[in-house]
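Chains as they are written, first to last, in this note's numbering: chain A, 180 to 392; chain B, 6 to 231.
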């Protein structure tokens, strides 16, 4: 089977980010998506701590410890960008002003429930950050994740077994094997990578998939 | 006459008692009042409840308060980060209570505490573990969770520049939680890089109106004293 590597997965997500979109990229792999958005598109990135029009990493020696992104990495501001406080930043999220959010996930359910903030291990201290606000607020929520976990267990399930971040919030899932939409009829496969077959992908999925049209 | 300048970080935090609820501004490395936190650590008040987005990393800031055993409870959205060793240690040994709050709910609870609002309904967290035990309501088919204001006894905040009336401007994304916290505490103490004369800040640029600020300490004044 063809399994995309994380860079290829980011590149695939980037294709679905339209020109003119306001986008929030979650920490970790989703942040890589910006590297692959074609230069002929203008995309404005939002950072939860209070930035619109986040620019690339600064040159060495130009870092400002105040100017960081949600992943606590140094960033810059593009011309036309601005700063605002955290309450306004989350009003932008919850108020439905962002076109797309891209998040990583532990699990996604057949009806678009998202689990990405905690496992069932109570000894490990939990952290939620802005994930729940993004999940309910962004107009479109893209999830980018491997199709199966480290043990080879499916991450797309009828019901999530980890604590939920939000219910019925995911629109599109980009895995290393396929692109799958969450629809009222169920999980619709919209793209199979390389020569991956529907049956192969279904066998690694814990919920029933609908074959591509 | 209004002059909110205080001569030293030590004096600025001298009346924070044991068991106080203290908000601390900042997000990651950005906009944190590190000198005020260090003064609070040396002051040594114990049993503190700390409200902040993160729980500090390495030996600095909130991590130093946790290390010294001064914190009883932390209200936070993202306590665990690379290097948050003291939070993890105190959490595992059970000596610190954690109230985990989604980030936008944290900032809005702080904002409404300063704005005189008694609560708000947010879709964030509806149907999740973080809404357990809370009142919920369905409006136009969408579920919401009732969240209550989060006030504090003291707020320690960080700004770029201020004037003796307490008007503040910030450095880039360093404002984060600082403006809301300024409004939500009984006593707000601002750490700034520089203090300018009343009238020197462009009124169109002032982010936090001085009415929310009680005390102002500048790094350079501190150095001059030392």
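Here a beta-carbon is modelled for each residue, glycine too, at the ideal position from N, C-alpha and C.
Contact set for residue 222(A): own chain, Cβ-Cβ below 7 Å, skip 5 residues either direction:
Start at 1 with the first residue of the first chain, and residue 222(A) comes out as number 43. Around residue 222(A): 196, 200, 202 and 216.
What ranges does the beta strand (DSSP E) occupy inside the stretch 32–76 of chain B, keeping only unbroken runs of at least 3 residues that lie completely in it?
53–56
Between residue 155(B) and residue 115(B), is the Cβ-Cβ spacing less than 7 Å?
As a working mapping, residue 155(B) is identified with position 150 in the second chain. As a working mapping, residue 115(B) is identified with position 110 in the second chain. For residue 155(B) and residue 115(B), yes; Cβs fall inside 7 Å.
Determine the closest residue to residue 237(A) out of 225(A), 229(A) and 252(A), with distance taken between C-alpha atoms.
Along the first chain, read from residue 1 onward, the residue named residue 237(A) stands at position 58. Nearest C-alpha to residue 237(A): 252(A).
Give me the residue from 106(B), 179(B) and 211(B) with the minimum Cα distance to residue 129(B).
Along the second chain, read from residue 1 onward, the residue named residue 129(B) stands at position 124. Each of 106(B), 179(B) and 211(B) was checked against the Cα of residue 129(B), and the nearest Cα belongs to 106(B).
Over the uninterrupted alpha helix (DSSP H) stretch that includes residue 113(B), give me the two end residues.
As a first step, residue 113(B) must be located in the second chain, where it is residue number 108. In the DSSP assignment, residue 113(B) falls within the unbroken alpha helix (DSSP H) covering 108–120.
For residue 229(B), is the classification buried or exposed, using 16 other Cβ atoms within 10 angstroms of its Cβ as the cut-off for buried?
Start at 1 with the first residue of the second chain, and residue 229(B) comes out as number 224. Because residue 229(B) sits at a pLDDT of 41, beneath the cut-off of 50, its placement in the model cannot be relied upon, and the following sentence gives the value as read from the coordinates. Its Cβ having fewer than 16 others within 10 Å, residue 229(B) is exposed.
Below 8 Å on the Cβ atoms is my contact criterion, and I expect residue 183(B) with residue 36(B) to pass it. Report the Cβ-Cβ distance as a whole number of Å.
Numbered from its first residue, the second chain carries residue 183(B) at position 178. Numbered from its first residue, the second chain carries residue 36(B) at position 31. Taking C-beta atoms under 8 Å as the contact rule, residue 183(B) and residue 36(B) qualify, at a distance of about 6 Å.
Just to confirm before moving on: does the CB-CB distance between residue 335(A) and residue 384(A) stay below 7 Å?
For the purposes of this step, residue 335(A) is taken as residue 156 along the first chain, with counting starting at 1. For the purposes of this step, residue 384(A) is taken as residue 205 along the first chain, with counting starting at 1. Closer than 7 Å, so yes.
How about residue 346(A): is its C-beta nearer than 7 Å to some C-beta of chain B?
By 1-based counting over the first chain, the position of residue 346(A) is 167. So yes, residue 346(A) belongs to the interface.
is_contact[residue 156(B), chain A] using C-beta, thresh 7 Å
For this step, residue 156(B) is matched to residue 151 along the second chain. Residue-level contact check: residue 156(B) does not touch chain A, since none of the beta carbons of chain A fall below 7 Å from its beta carbon.
Does residue 319(A) come within less than 7 Å of chain B when only Cβ atoms are used?
For the purposes of this step, residue 319(A) is identified with residue 140 of the first chain, where counting begins at 1. Chain B, which has no Cβ nearer than 7 Å to the Cβ of residue 319(A), makes this no.
Mind checking whether residue 380(A) and residue 357(A) have CB atoms under 7 Å apart?
Sequence index remark: in the first chain, residue 380(A) carries index 201 (1-based). Sequence index remark: in the first chain, residue 357(A) carries index 178 (1-based). Contact: yes.
Which residues does DSSP pair with residue 234(A) in a beta bridge?
The residue you call residue 234(A) lines up with position 55 of the first chain. Answer is 255(A).
Over the uninterrupted alpha helix (DSSP H) stretch that includes residue 310(A), give me the two end residues.
Counted from its first residue, the first chain places residue 310(A) at position 131. Unbroken alpha helix (DSSP H) run through residue 310(A): 310–316.
Beta-carbon neighbours of residue 272(A), restricted to chain C and to distances below 7 Å:
The question asks about chain C, but that chain is absent: this structure's protein chains are A and B.
Exposed unless 16 or more other CB atoms sit within 10 angstroms - verdict on residue 12(B)
Against the second chain, residue 12(B) aligns to sequence position 7. Label assigned to residue 12(B): exposed.
Quick one: Cα of residue 215(B) to Cα of residue 170(B), how far?
Counting from 1 along the second chain, the entry for residue 215(B) is found at position 210. Counting from 1 along the second chain, the entry for residue 170(B) is found at position 165. Their backbone Cα atoms lie some 5 Å apart in a straight line.
Can you list, in chain order, the residues of its chain whose CB lies under 8 Å from that of residue 318(A), leaving out five sequence neighbours each side?
Your numbering for residue 318(A) matches position 139 in the first chain. If we look at residue 318(A) and ignore the five residues flanking it on each side, its Cβ neighbours are 275, 277, 278 and 279.
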